[in-house]
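J.: Residue numbers (our numbering), protein chains in the order written: chain A, 1 to 129; chain B, 1001 to 1129; chain C, 2001 to 2129; chain D, 3001 to 3129. By construction, the Cβ of each residue, glycine as well, lies at the ideal position given by its N, Cα and C atoms. Can you read through this structure? Questions will come right after.
There are 4 protein chains.
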Amino acid sequence: MHLKIDTSGGVPIYLQIVDQIKRAAAAGRLKPEDPLPSVRQLALDLTINPNTVARAYLELEHQGIIYKRQGQGTYVCTQAPGAARRERHKMVAGLLEKAIAEAAALGMTASEIHSIYDQLMHRYHLEAV
Amino acid sequence: MHLKIDTSGGVPIYLQIVDQIKRAAAAGRLKPEDPLPSVRQLALDLTINPNTVARAYLELEHQGIIYKRQGQGTYVCTQAPGAARRERHKMVAGLLEKAIAEAAALGMTASEIHSIYDQLMHRYHLEAV
Amino acid sequence: MHLKIDTSGGVPIYLQIVDQIKRAAAAGRLKPEDPLPSVRQLALDLTINPNTVARAYLELEHQGIIYKRQGQGTYVCTQAPGAARRERHKMVAGLLEKAIAEAAALGMTASEIHSIYDQLMHRYHLEAV
Amino acid sequence: MHLKIDTSGGVPIYLQIVDQIKRAAAAGRLKPEDPLPSVRQLALDLTINPNTVARAYLELEHQGIIYKRQGQGTYVCTQAPGAARRERHKMVAGLLEKAIAEAAALGMTASEIHSIYDQLMHRYHLEAV
DNA sequence: GTGGTCTAGACCACT
DNA sequence: GTGGTCTAGACCACT
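Right, here's the structure in full:
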């Protein structure tokens, strides 16, 4: 579990934590029942206030990603098998739709979009085999 | 010029105005030297606070999209030929990159991404000819 | 809107606020689109910290009871007609079930329970007509 | 003596133990001078921390339900005849009052409450003869 | 050790 | 004016 906080971008710290932990769960780097660092420990690691970590954990609990065992610690929720995969799909589909809807609204042609898409896939080493 | 404001989604109203006017300019629906509605008029139309419209116009001015003529009104900036097109490209490329970077970070394969992409292109009637 | 906070009972202040506002909505004393007092104002009224009020409002927002309009204030959510009534039913049924399940577990007879029930209904002026 | 611990509901483990032992005494499943399992044994059975069992026993001692004999073990207190019955009555009356007070505060009518009550009595097989 | 609640007070974003 | 975020630090409950 390695989190990166960027205080310059205006994105709330607690949301950065939420996003990165959700992503780790979706990517499978965090598995069901894995323990998370304690509120205090993560606060020390990131040199932020424990309240801010607690806020992030509270949000993740509301979203059903993690749960707390009294006096013991915080753990990743057990999820139905395939949940991480579906979550991953949903995240990416949501972002892709934003991009394509925007392109459509701006009147771009399919081939213009394709060319941007191919370039980016190449840059991220995602060429088809 | 028809703007839609959604107060439910948590996106600042002034940003919704900024985005939609930028998009209109990038799409060519707003051309150089076209007049924009007055701050008061747009505030009345959208039933929002004039301060909010003023803030959006200020932001658009900072971004070089519009300019004010003393005592006359607000107009779309003259842009180098092709500027709208480049702007359009930049917007879509930015969004697409977000989606693809996320997919890469989540360890998705090229073919998984392709399948989502194709589905969405189809839904937005952007099939290749 | 008149809230009573009891700091002696060990019940978190923010939860007391949550409960009382939920109850007011279920009882119909708070109707859809009614404005709530501002975070600062309620904090002053109850002489508690604004953060504590904010915490209560956040929880109510998570539960879909209230929503915020940016820069304007906090309002009661529009609910399907009859929602308040159903909510009321659910609250009371939940509490009654706890009582009756406990009585059953303790091996009490129906007539013992009836006698307690009748006495209490009488005390709360809820006699049948 | 068979105790069930639910770590998911947020109810402190030590309170679950206290409640279940009080209930067993009120129901007559635990009689005066019956021995309780040792702290260590119960902790092993429930796979919880011995401190937690100790805390529950301490609480039960404070409430006059159990007592310790030096070096021998823990036992259920001798109670005045009828004490279990009165305790049972008090528990159920307390819970029923919560439910009925809430219903009254929410403006429910006697017949609404009756209908919920009858349904629940039926579900717990407590119909009048 | 773990997390939860609360205060005091600062600074920011939005309308 | 409105709510949102964050720090610093205290005290509490649970295991």
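1) Helix, strand or coil for T74/A, going by three-state DSSP, please let me know.
2) Restricting to Cα atoms, I'd like to know which of Y67/A, I48/A, N49/A is closest to Y57/A.
3) From the DSSP output, in three-state form, read off L1036/B for me.
4) Helix, strand or coil for Y124/A per DSSP?
5) Would you report the Cα separation of L36/A and N49/A, rounded to the nearest angstrom?
6) Drop a sphere of 10 angstroms on the beta-carbon of K1031/B, count the other beta-carbons inside from all chains shown, and report buried for 16 or more, exposed for fewer.
7) For V3011/D, count neighbouring Cβ atoms within 10 angstroms of its own Cβ and tell me buried if that reaches 16, exposed if not.
8) Quick check: the region 2085-2094 of chain C against the region 3100-3117 of chain D, are there 3 or more CB pairs under 8 angstroms?
9) Taking 7 angstroms as the threshold (C-beta atoms), are A3110/D and L2126/C in contact?
10) Locate the beta strand (DSSP E) running through R1069/B, then write down its first and last residues.
11) Output yes if chain D places a C-beta closer than 7 angstroms to the C-beta of R2069/C; else output no.
12) Using three-state DSSP, classify T52/A as helix, strand or coil.
13) Does the beta-carbon distance from V2018/C to L2044/C come in below 7 angstroms?
14) Taking the alpha helix (DSSP H) that Q1971/C falls in, what are its first and last residues?
15) What residue range does the alpha helix (DSSP H) around K1090/B cover?
16) At the 7 angstroms Cβ level, is L3003/D part of the contact set with chain C, yes or no?
17) Determine whether the Cβ of E3033/D lies closer than 7 angstroms to any Cβ atom of chain C.
18) Are T3052/D and Y3014/D close, meaning C-beta to C-beta below 7 angstroms?
19) Give every residue of the same chain whose Cβ lies closer than 6 angstroms to the Cβ of I3113/D, excluding the five residues on either side of it in the sequence, and list them in chain order.
20) Mind checking the region 3004-3030 of chain D against chain A and listing, in chain order, the residues whose C-beta falls within less than 8 angstroms of any C-beta there?
21) Is there a C-beta anywhere in chain D that falls below 7 angstroms from the one on R2040/C?
22) How do the region 3018-3029 of chain D and the region 3072-3088 of chain D stand: do at least 3 beta-carbon pairs fall below 8 angstroms, yes or no?
23) Does the CB of K1090/B have a neighbour CB from chain A at under 7 angstroms?
24) Whole angstroms are fine: how far does the CA of E33/A sit from the CA of A1083/B?
25) Can you pull the chain C neighbours of E3141/D, defined as C-beta to C-beta under 7 angstroms?
26) For G3082/D, would you say it is in contact with chain C, using Cβ-to-Cβ distances shorter than 7 angstroms as the test?
27) Please report how far the alpha carbon of G3071/D lies from the alpha carbon of K22/A, in whole angstroms.
28) By the three-class DSSP mapping on this structure, what secondary structure does A2043/C have?
29) With C-beta atoms as the reference, is Q3020/D less than 7 angstroms away from L3042/D?
30) Pick helix, strand or coil for A2110/C, following the three-state DSSP scheme.
31) Shorter than 7 angstroms from the beta carbon of A3043/D to some beta carbon of chain C?
32) Taking buried to mean at least 16 other C-beta atoms within 10 Å of its own C-beta, is A2080/C buried or exposed?
33) Would L1952/C count as contacting chain D if we go by Cβ distances under 7 angstroms?
34) Sorted by chain position, which residues of the same chain lie with C-beta nearer than 8 angstroms to T1078/B's C-beta, five sequence neighbours on each side aside?
35) For Q3016/D, which residues from the same chain have a beta carbon less than 6 angstroms from its beta carbon, with the 5 sequence-adjacent residues on both sides left out?
36) Assuming contact is defined by CB atoms lying nearer than 7 angstroms, are I3065/D and L2096/C in contact in what I supplied?
T.: From the atom records:
1) Numbered from its first residue, the first sequence carries residue 74/A at position 74. Residue state, collapsed to three classes: strand.
2) Translated into positions along the first sequence, residue 57/A becomes position 57. For the residues Y67/A, I48/A, N49/A, the minimum Cα distance to Y57/A belongs to Y67/A.
3) For the purposes of this step, residue 1036/B is taken as residue 36 along the second sequence, with counting starting at 1. L1036/B: strand per DSSP, three-state reduction.
4) Counting from 1 along the first sequence, the entry for residue 124/A is found at position 124. Coil, per DSSP.
5) Taking the first residue of the first sequence as 1, we reach residue 36/A at position 36. Taking the first residue of the first sequence as 1, we reach residue 49/A at position 49. Taking the straight line joining both Cα atoms gives about 17 angstroms.
6) The sequence position of residue 1031/B within the second sequence is 31, counting from 1. Flag for K1031/B reads exposed.
7) Here the question's residue 3011/D lines up with position 11 in the fourth sequence. V3011/D comes out exposed.
8) Judged by Cβ distances under 8 angstroms, the region 2085-2094 of chain C makes contact with the region 3100-3117 of chain D, as three or more pairs qualify.
9) By one-based count along the third sequence, residue 2126/C stands at place 126. By one-based count along the fourth sequence, residue 3110/D stands at place 110. In this structure, A3110/D lies closer than 7 angstroms to L2126/C by Cβ.
10) Reading the second sequence from its first residue, position 69 is the one you call residue 1069/B. Annotation for R1069/B: the continuous beta strand (DSSP E) segment containing it runs 1066-1069.
11) As a first step, residue 2069/C is located in the third sequence; it is residue number 69 there, counting from the start. Judged by the 7 angstroms Cβ criterion, R2069/C is not in contact with chain D.
12) Within the first sequence, numbered from 1, the residue matching residue 52/A stands at position 52. DSSP places T52/A in helix when its eight states are reduced to three.
13) Your numbering for residue 2018/C matches position 18 in the third sequence. Your numbering for residue 2044/C matches position 44 in the third sequence. Taking 7 angstroms as the Cβ cut-off, V2018/C and L2044/C do not qualify as a contacting pair.
14) No answer is possible for residue 1971/C: it lies beyond the span of chain C, which begins at 2001 and ends at 2129.
15) The count along the second sequence starts at 1 and reaches residue 1090/B at position 90. First-last of the alpha helix (DSSP H) with K1090/B: 1083-1105.
16) Within the fourth sequence, numbered from 1, the residue matching residue 3003/D stands at position 3. Chain C, which has no Cβ nearer than 7 angstroms to the Cβ of L3003/D, makes this no.
17) The count along the fourth sequence starts at 1 and reaches residue 3033/D at position 33. It does not; no Cβ of chain C falls within 7 angstroms.
18) On the fourth sequence, position 52 is the one that residue 3052/D refers to. On the fourth sequence, position 14 is the one that residue 3014/D refers to. For T3052/D and Y3014/D, yes; Cβs fall inside 7 angstroms.
19) Stepping through the fourth sequence from its first residue, residue 3113/D is reached at position 113. Closer than 6 angstroms at Cβ, skipping near neighbours: A3103.
20) So the close ones are T3007, S3008, G3010, P3012, I3013.
21) Sequence index remark: in the third sequence, residue 2040/C carries index 40 (1-based). No, R2040/C lies away from the interface with chain D (no Cβ there is under 7 angstroms from its Cβ).
22) yes
23) Looking up residue 1090/B in the second sequence gives position 90. No, no contact with chain A.
24) Your numbering for residue 1083/B matches position 83 in the second sequence. Your numbering for residue 33/A matches position 33 in the first sequence. Answer to the nearest angstrom: the Cα atoms are 52 angstroms apart.
25) Only positions 3001 to 3129 of chain D appear in the structure, and residue 3141/D is not among them; the question remains open.
26) For the purposes of this step, residue 3082/D is taken as the residue at position 82 of the fourth sequence. No, no contact with chain C.
27) Walking along the fourth sequence from the start, residue 3071/D turns up at place 71. Walking along the first sequence from the start, residue 22/A turns up at place 22. Straight-line Cα distance between these residues: approximately 52 angstroms.
28) Taking the first residue of the third sequence as position 1, residue 2043/C is located at position 43. In this structure, A2043/C counts as helix in the three-state DSSP scheme.
29) Numbered from its first residue, the fourth sequence carries residue 3020/D at position 20. Numbered from its first residue, the fourth sequence carries residue 3042/D at position 42. It is not a contact, given that the beta carbons lie outside the stated cut-off.
30) Working through the third sequence from its first residue, we reach residue 2110/C at position 110. Three-state DSSP puts A2110/C in a helix.
31) Position 43 of the fourth sequence holds residue 3043/D. False, the Cβ-Cβ gap to chain C never drops below 7 angstroms.
32) Along the third sequence, one-based indexing puts residue 2080/C at 80. With fewer than 16 other Cβ atoms within 10 Å, it is exposed.
33) Residue 1952/C falls outside the range modelled here, since chain C spans only 2001 to 2129, and no answer is possible.
34) In the second sequence, residue 1078/B corresponds to position 78, counting from 1. Contacts found: P1032, E1033.
35) Taking the fourth sequence and counting its residues from 1, one reaches residue 3016/D at position 16. If we look at Q3016/D and ignore the five residues flanking it on each side, its Cβ neighbours are I3005.
36) Here residue 3065/D corresponds to residue number 65 of the fourth sequence, with the count starting at 1. Here residue 2096/C corresponds to residue number 96 of the third sequence, with the count starting at 1. Not a contact, by the Cβ cut-off of 7 angstroms.
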